[in-house]
Amino acid sequence: MIKAHYPQQFNMRLLAQDDLGGFGGVGEGIALQIAPDGRRILWLAHESAPKNFTGVDVSDPNKPRVIVQTDLPHAAVRSNSLEVSGNLMAVAYQVNKPGLAPAGFDLFDISEPERPRLLSHFDASAPHSRGAHCLWFVDGQTVHMACGDPDRVPRNPKDDQVYRIVDVSSPTRPRAVGAWHLPGTMEGDDAEPPKRLAPAFDSGFRAHNTNVFPQRPDRCYLGYLDAGAFIMDISDPSNPRPVSRFMNSPPFKGFTHTALPLFGRGLLVVSDETVQDDAGDWPKLVWLVDMSDESNLVSISTLPMPPVDVYRQRGGRFGAHNVHENPPVPGAWKSEDYLVCTFFNGGVRVYDIRDPYAPVEAAYFVPEAPAGSPVGSIQFNDVFVDDRGIVFAVDRHAGGLYTLEMTL
Numbered sequence: 397m398i399k400a401h402y403p404q405q406f407n408m409r410l411l412a413q414d415d416l417g418g419f420g421g422v423g424e425g426i427a428l429q430i431a432p433d434g435r436r437i438l439w440l441a442h443e444s445a446p447k448n449f450t451g452v453d454v455s456d457p458n459k460p461r462v463i464v465q466t467d468l469p470h471a472a473v474r475s476n477s478l479e480v481s482g483n484l485m486a487v488a489y490q491v492n493k494p495g496l497a498p499a500g501f502d503l504f505d506i507s508e509p510e511r512p513r514l515l516s517h518f519d520a521s522a523p524h525s526r527g528a529h530c531l532w533f534v535d536g537q538t539v540h541m542a543c544g545d546p547d548r549v550p551r552n553p554k555d556d557q558v559y560r561i562v563d564v565s566s567p568t569r570p571r572a573v574g575a576w577h578l579p580g581t582m583e584g585d586d587a588e589p590p591k592r593l594a595p596a597f598d599s600g601f602r603a604h605n606t607n608v609f610p611q612r613p614d615r616c617y618l619g620y621l622d623a624g625a626f627i628m629d630i631s632d633p634s635n636p637r638p639v640s641r642f643m644n645s646p647p648f649k650g651f652t653h654t655a656l657p658l659f660g661r662g663l664l665v666v667s668d669e670t671v672q673d674d675a676g677d678w679p680k681l682v683w684l685v686d687m688s689d690e691s692n693l694v695s696i697s698t699l700p701m702p703p704v705d706v707y708r709q710r711g712g713r714f715g716a717h718n719v720h721e722n723p724p725v726p727g728a729w730k731s732e733d734y735l736v737c738t739f740f741n742g743g744v745r746v747y748d749i750r751d752p753y754a755p756v757e758a759a760y761f762v763p764e765a766p767a768g769s770p771v772g773s774i775q776f777n778d779v780f781v782d783d784r785g786i787v788f789a790v791d792r793h794a795g796g797l798y799t800l801e802m803t804l
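Under the numbering used here, the sequence shown is numbered contiguously, ending at residue 804.
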């Protein structure tokens, strides 16, 4: 067995860690609000009950301070994802059994961060729906999300979440305007069901990240798990349609998570999430894809990974997951030269992609296992970088929030 010692760090140092009052399991929702009084409030969605979301004042990244923490209505729902636009926050709700509620998303007024005020609930509950897993909300007008649709019945229950578009320009009256699913996955489709991955790796054909940027408001960059990544034409939001598709599974093992466009570079960053412990679904990588011709997506490289034979022994998951997505909101760091990524027990790692054909590792931070970790390792789930270069990373199980400084 290869021995390794932790923490490990290179061009990155720990400023602070906060276990969020003993509720340190955080999902894929990290968003920054510049509050009306100038404070920087980091909002975190929890991985599972009992907590819903937590607000942390990170104005001083050396001294993060929890200012509000809310509870979920019951143990069978999670708020894995949230986003902030101005003083509005959208929070996704996914239940663990179809037919339960709440399933969909809430909109909150967070103009007083210590007192979030519920404005509305978008209901996606149905006998075949688990609600919303992941959402995108950056323009104050539209929620894009991976969510069950009461009007669509999946042929296979693993395919239950589709790409949905909801108009929230009237925040108290959210209105569904469009949706798209992979042809062949729903009852009534003319298309044949798609060929599934091997049972050990079949995670389903369903939507995940649904990213839309002001540079191309007519495009959604969509991760669709075992179906790969899509560039979607949403110039008519009532009728989304695919422009192109990037597929790597098979021979790889599915779960395409994020598609992040770098418009100035003509690149698409595609991450595939690892979902099995001990690298059981290795390799799960981050791909650089040439999208200079968006109708013909071509892989040109993958980010170099630390040695799998070392990290598969650490416990829990090892492999790709989230990337900092250059959110077009105040206070967020934006770069087309560097990628900041989470790799579960592989820590937070930063890559220099100025040469997209030969990306190199520029920084990393891998802490020891946080207190209370059920798998014996860090499980960095998501990451957000602010315009000061402060990296905020969250643990999936117990460690809560880590604030880090890059020294590139």
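Where is the CB? At the ideal position from N, CA and C, for every residue including glycine.
For residue i, does the three-state DSSP call read helix, strand or coil?
| i | result |
| --- | --- |
| Phe597 | helix |
| Val462 | strand |
| Tyr798 | strand |
| Lys680 | coil |
| Gly418 | helix |
| Lys591 | coil |
| Lys554 | helix |
| Tyr402 | coil |
| Asp705 | helix |
| Trp372 | As shown, the chain starts at 397 and ends at 804. That puts residue 372 outside it, with no answer to give. |
| Trp729 | coil |
| Glu690 | coil |
| Ala497 | coil |
| Met397 | Any reading at Met397 is ruled out, since the residue's pLDDT is 39, under 50, leaving its predicted position unreliable. |
| Lys649 | coil |
| Gly423 | strand |
Do you know how far the Cα of residue j is from the Cα of residue i?
| i | j | result |
| --- | --- | --- |
| Ser455 | Ile426 | 15 Å |
| Val779 | Leu478 | 13 Å |
| Lys493 | Asp545 | 15 Å |
| Ile630 | Asn607 | 11 Å |
| Asp556 | Leu804 | 42 Å |
| Phe609 | Gly662 | 14 Å |
| Pro550 | Ser691 | 28 Å |
| Pro700 | Arg511 | 43 Å |
| Gly417 | Pro589 | 46 Å |
| Ala412 | Asp433 | 24 Å |
| Asp505 | Asn741 | 35 Å |
| Arg571 | Ser769 | 41 Å |
| Gly527 | Leu578 | 18 Å |
Residues in its own chain within less than 7 Å of residue i by CB, not counting five upstream and five downstream?
| i | result |
| --- | --- |
| Asn635 | Gly574 |
| Gly727 | Leu428, Ile430, Arg436, Asp782, Asp783 |
| Met807 | It is not possible to answer for residue 807, since the shown part of the chain is limited to 397 through 804. |
| Pro567 | Leu484, Leu503, Leu515, Ser516 |
| Glu583 | Val549, Arg551 |
Can you have a look at residue i and say buried or exposed, based on whether 16 or more other CB atoms are within 10 angstroms of its CB?
| i | result |
| --- | --- |
| Val694 | exposed |
| His793 | buried |
| Ala594 | exposed |
| Pro460 | buried |
| Ile696 | exposed |
| Asp677 | buried |
| Leu514 | exposed |
| Val487 | buried |
| Ser525 | buried |
| Glu750 | In the sequence as displayed, the identity of residue 750 is Arg instead of Glu. Exposed, by the Cβ-count rule. |
| Asn394 | Here the chain covers residues 397 to 804 and nothing more, so residue 394 does not appear. |
| Asp622 | buried |
| His529 | buried |
Inspect the beta-carbon positions of residue i and residue j and report whether they are closer than 8 Å.
| i | j | result |
| --- | --- | --- |
| Arg708 | Ala754 | no |
| Ser481 | Val562 | no |
| Gly600 | Thr652 | no |
| Met802 | Ala765 | no |
| Leu735 | Phe761 | no |
| Val462 | Val473 | no |
| His717 | Ser773 | no |
| Thr738 | Phe714 | no |
| Ala543 | Arg560 | Residue identity differs from the one stated: residue 543 is Cys in this sequence, not Ala. For Cys543 and Arg560, yes; Cβs fall inside 8 Å. |
| Thr654 | Val725 | no |
| Val558 | Ala499 | no |
| Pro763 | Leu438 | no |
| Gly785 | Trp729 | yes |
| Gly451 | Pro509 | yes |
| Pro613 | Leu684 | no |
For the ligand SAM, I want to know if residue i counts as a neighbour, meaning its beta carbon is within less than 7 Å of at least one of the ligand's heavy atoms.
| i | result |
| --- | --- |
| Ser640 | The ligand SAM is absent from the structure shown, which contains no ligand whatsoever. |
Sorted by chain position, which residues of the same chain lie with C-beta nearer than 6 Å to residue i's C-beta, five sequence neighbours on each side aside?
| i | result |
| --- | --- |
| Ala497 | Ser521 |
| Gln537 | Ser565 |
| Arg649 | It should be pointed out that residue 649 corresponds to Lys in this sequence rather than to Arg. Cβ neighbours of Lys649 beyond the five flanking positions: Phe597, Asp677. |
| Gly495 | Pro523 |
| Ala789 | Val744, Phe776, Val779, Tyr798 |
Is there a Cβ of chain D sitting closer than 8 Å to that of residue i, yes or no?
| i | result |
| --- | --- |
| Thr538 | This model lacks chain D altogether; it includes just one protein chain. |
Excluding the five sequence neighbours on either side, which residues of its own chain have a C-beta within less than 8 Å of the C-beta of residue i, listed in chain order?
| i | result |
| --- | --- |
| Pro446 | Phe419, Asp467, Leu468, Ala471 |
| Met397 | Caution applies to Met397, whose pLDDT of 39 falls short of 50 and renders its modelled position unreliable; the model cannot decide the point. |
| Glu443 | Gly421, Val422, Gly423, Arg474, Asn476, Asn777, Arg792, His793 |
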